[in-house]
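**Student:** Heads up, the final residue of the sequence shown is numbered 482 in the numbering used here, and it's a clean run with no missing numbers.
Note that beta-carbon positions come from the ideal geometry of N, C-alpha and C, so glycine has one too.
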Amino acid sequence: MTAIARLEQYTLKCPDEVLRVLAQWDDETDEILVFKGFSSSLMRPTAADPDVPVLPDNAQIQQIDRLMSPYLPEQPRYIQHGLTWETMQPLLEQVGV
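Structure, rendered in structure tokens:
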């Protein structure tokens, strides 16, 4: 399972959370919101088909922020800020993802 797919599964099990993910690949960067099992890019078009990955396979997750739902861009309510993929692992394992 890809990293973004695991994060999508996490948000299905934690529906009161929104994940803001910063990712990088080649010379590209993207900011993605993950909520209730779906991912959407904030910087580029997102395919309407949920089976089309929002990130390429070579993308590296730089940072994950856990926020309370609903997401308010002007007033984000952080649960945790600046997690790495490694520091997110125990949370994923805790919910069985």
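To the nearest angstrom, report how far apart residue 400 and residue 430 are at their CA atoms.
**Tutor:** Taking the straight line from one Cα to the other gives about 24 Å.
**Student:** Of the choices 442, 423 and 441, whose alpha-carbon is the least far from that of residue 433?
**Tutor:** Nearest C-alpha to residue 433: 423.
**Student:** Which stretch, first to last residue, makes up the beta strand (DSSP E) that contains residue 451?
**Tutor:** Residues 445 to 453.
**Student:** Who are the near neighbours of residue 445 in its chain, counting only those whose CB is closer than 6 Å to its CB and skipping five residues on each side?
**Tutor:** Excluding residues within five positions, the ones whose Cβ falls inside 6 Å are 409.
**Student:** What first and last residue would you give for the beta strand (DSSP E) that runs through residue 416?
**Tutor:** Here the beta strand (DSSP E) through residue 416 covers 413 to 420.
**Student:** So, for residue 530: in the same chain, excluding its five sequence neighbours on each side, which residues have a beta-carbon less than 6 Å away from its beta-carbon?
**Tutor:** This structure leaves residue 530 out entirely; the chain is present only between 386 and 482.
**Student:** Would you give the residue range spanned by the beta strand (DSSP E) that residue 459 belongs to?
**Tutor:** No beta strand (DSSP E) holds residue 459; DSSP gives it neither H nor E.
**Student:** Rounded to the nearest angstrom, what separates residue 454 and residue 403 at their Cα positions?
**Tutor:** One C-alpha to the other measures close to 6 Å.
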